[in-house]
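Going left to right, the sequence shown walks through residues -18 to -1, 1 to 315 as mature numbering (1 follows the signal peptide of the UniProt record, and there is no 0) numbers them.
We treat Cβ as the ideally placed atom computed from N, Cα and C, and that holds for glycine.
Owing to the predicted nature of the structure, the values given are computational and were not obtained by experimental measurement.
One structure is given below, encoded as structure tokens.
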Amino acid sequence: MRLTHALPLILAATPALADVNIYSYRQPELIAPLTEAFTKETGIQVNTAYLVEGLTERLKAEGDRSPADVILTVDIARLKEAVDAEVTQPLMTDTLQANIPAEFHDPDGLWWGMTSRARIVYASKDRVAPGEVTTYEDLADPKWKGRICTRSGMHTYMIGLTSAYLAHHGPEETKAWLEGLKANLARRPQGNDRAQVKAIWAGECDISLGNTYYMGEMLADDEQREWANSVRLDFPVFDVEGGGTHVNISGVALTKSAKNKEDAIRFIEFLSSQAAQEIYAEANSEYPLAPGTEASDLVKSWGDLKADNLPLSDLAANRAEALRLTEEVDYDG
């Protein structure tokens, strides 16, 4: 497991180093504006350990000795993993319930969503007409044969989408969809979401699946800006009654071992506030969840998002079956 700057070792050795200690999968540049704003407002110091992998495993190994009060991560699957490992504890306050809609938090308060991202289609501006991509179901249509790129079907972002498809359509239709999507691939699944956009730019495929915030990241990168400018974001929906665009979240949870519980709760409530939501959403090129907050001008420029109304808890419940079906069709083979 790789960590940045050995911060977790410092935390483990000196739990009293800060008033709130965080383990985070989110990058330092995304978290720093939030922690700085919280400290400025409250005077409470925050110390963050940035982990690349193994967050839940680390908390389990540390047990009650863990210095971590809060975990920050992406994707409902990773939050559910922490809950299943019993390393988080319930947290339910009036502030959090007012700020975070019910579909974006655990019913018992074991995790809370902070921002959302949509898993959409990146489409070549030159080779795909506006309005040509309308539904997720359509991606299995043979008209796309040899025109689609994706990352591994086993990646948590792809499994999240497959879990949503499973919730809407059941296992038989989901398996058929995965088989159709696989048959339409231009190449074997590989790379991350940005690598798929690069492949579109290079003419290897015409459309790909990816999270919205990667557009913001690519536009901010001198090399990748050209890739980003070659594509358009299309927002497919599920072709079911009330269906919308698949969304997932970045989220937060209070650890079971929290030593600084009161200050940690203040920090989590701060994350749900309009001010923090706007800071976080803009830094991440994501969508804020708190009522009354707006996405950044850049994110709004990508188009209107009609989010799917499927509870995130349903995605977590379908994860194992989605994994099984993805393996059964040998999606990455």
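P270 bridges to which residues according to DSSP?
-> T97
Looking only at its own chain, which residues have a Cβ that is under 7 Å from the Cβ of E161, when we skip the five neighbours before and after it?
-> V311
7 Å Cβ shell around N300 - same chain, five flanking residues per side excluded | S145, L148, A149
DSSP beta-bridge partners of N3 | N29
G142 classed as buried or exposed, judged by whether at least 16 other C-beta atoms fall within 10 angstroms | buried
Segments assigned beta strand (DSSP E), at least 3 residues, entirely inside the region 221 to 246 = 229 to 236
Ordered along the chain, which non-local residues of its own chain (more than five positions away) have a Cβ less than 7 Å from that of R(-17)?
-> Low confidence applies here, because R(-17) scores a pLDDT of 35, under 50, leaving its location unreliable and the question unanswered by this model.
Report the three-state DSSP secondary structure of S295 (helix, strand or coil).
-> helix
Relative to the alpha-carbon of L167, which residue among T138, P124, E251 has its alpha-carbon at the smallest distance?
-> P124
Are there 16 or more other CB atoms within 10 angstroms of the CB of G135, so buried, or fewer, so exposed?
-> buried
Report the rounded CA-to-CA distance for D76 versus A105, giving the unit in angstroms.
-> 42 Å
Grouping DSSP H, G and I as helix and E and B as strand, with all else coil, what is D204?
-> coil
In this structure, does DSSP put A(-7) in helix, strand or coil?
-> Because the pLDDT at A(-7) is just 39, under 50, the model does not fix this residue reliably, and the value given afterwards should be weighed accordingly. In the structure shown, A(-7) sits in a helix (DSSP, three-state: H, G or I).
Report all residues from its chain with a CB closer than 7 Å to the CB of K238; omit the five preceding and five following residues, and keep chain order.
-> E68, V69, T70, Q71
Should M197 go down as buried or exposed, given a rule of 16 or more other Cβ atoms within 10 Å for buried?
-> buried
Select from E18, E11, A184, E268 the residue whose C-alpha is nearest the C-alpha of A210.
-> A184
Please go through the same chain and pick out, in chain order, the residues whose beta-carbon is closer than 7 Å to the beta-carbon of A304, but skip the five residues on each side of it.
-> I141, T144, S145, L148
Between the beta-carbon of G233 and the beta-carbon of G36, is there less than 8 Å?
-> no
Take A100 as the anchor and find which of P218, E309, L201, N242 has the nearest alpha-carbon.
-> P218
Please name the residue in V2, E44, Y269, S295 whose C-alpha comes closest to that of S283.
-> Y269
Do you know offhand how far P83's Cα is from E276's?
-> 15 Å
DSSP-derived helix/strand/coil call for G192 | strand
Is the beta carbon of A235 less than 8 Å from the beta carbon of D51?
-> no
Following the continuous alpha helix (DSSP H) through D76, name the residue where it begins and the one where it ends.
-> 76 to 81
L253 versus S6 - alpha carbon distance = 14 Å
Of the listed residues D290, L307, Y313, D314, nearest to G152 (C-alpha basis) | L307
Identify, in the order they occur along the chain, each residue of the same chain with its Cβ nearer than 6 Å to the Cβ of D221, setting aside the five sequence neighbours on each side.
-> T117, E119
Cβ neighbours of L287 in the same chain (closer than 7 Å, five flanking residues each side left out) | A100, F217, T227, Y269
Examine chain B for any beta-carbon lying closer than 8 Å to the beta-carbon of L78, and answer yes or no.
-> Any reference to chain B falls outside this structure, which holds one protein chain only.
Can L271 and T55 be called in contact, C-beta distance under 8 Å?
-> no
Evaluate Q172 with the Cβ neighbour count: other Cβ atoms within 10 Å of its Cβ, from every protein chain shown; 16 or more gives buried, anything less gives exposed.
-> exposed
From C131 to A165, what does the alpha carbon distance come to, in whole angstroms?
-> 11 Å
Could you round the C-beta distance between A59 and A298 to whole angstroms and report it? I think they count as a contact, below 8 Å.
-> 7 Å
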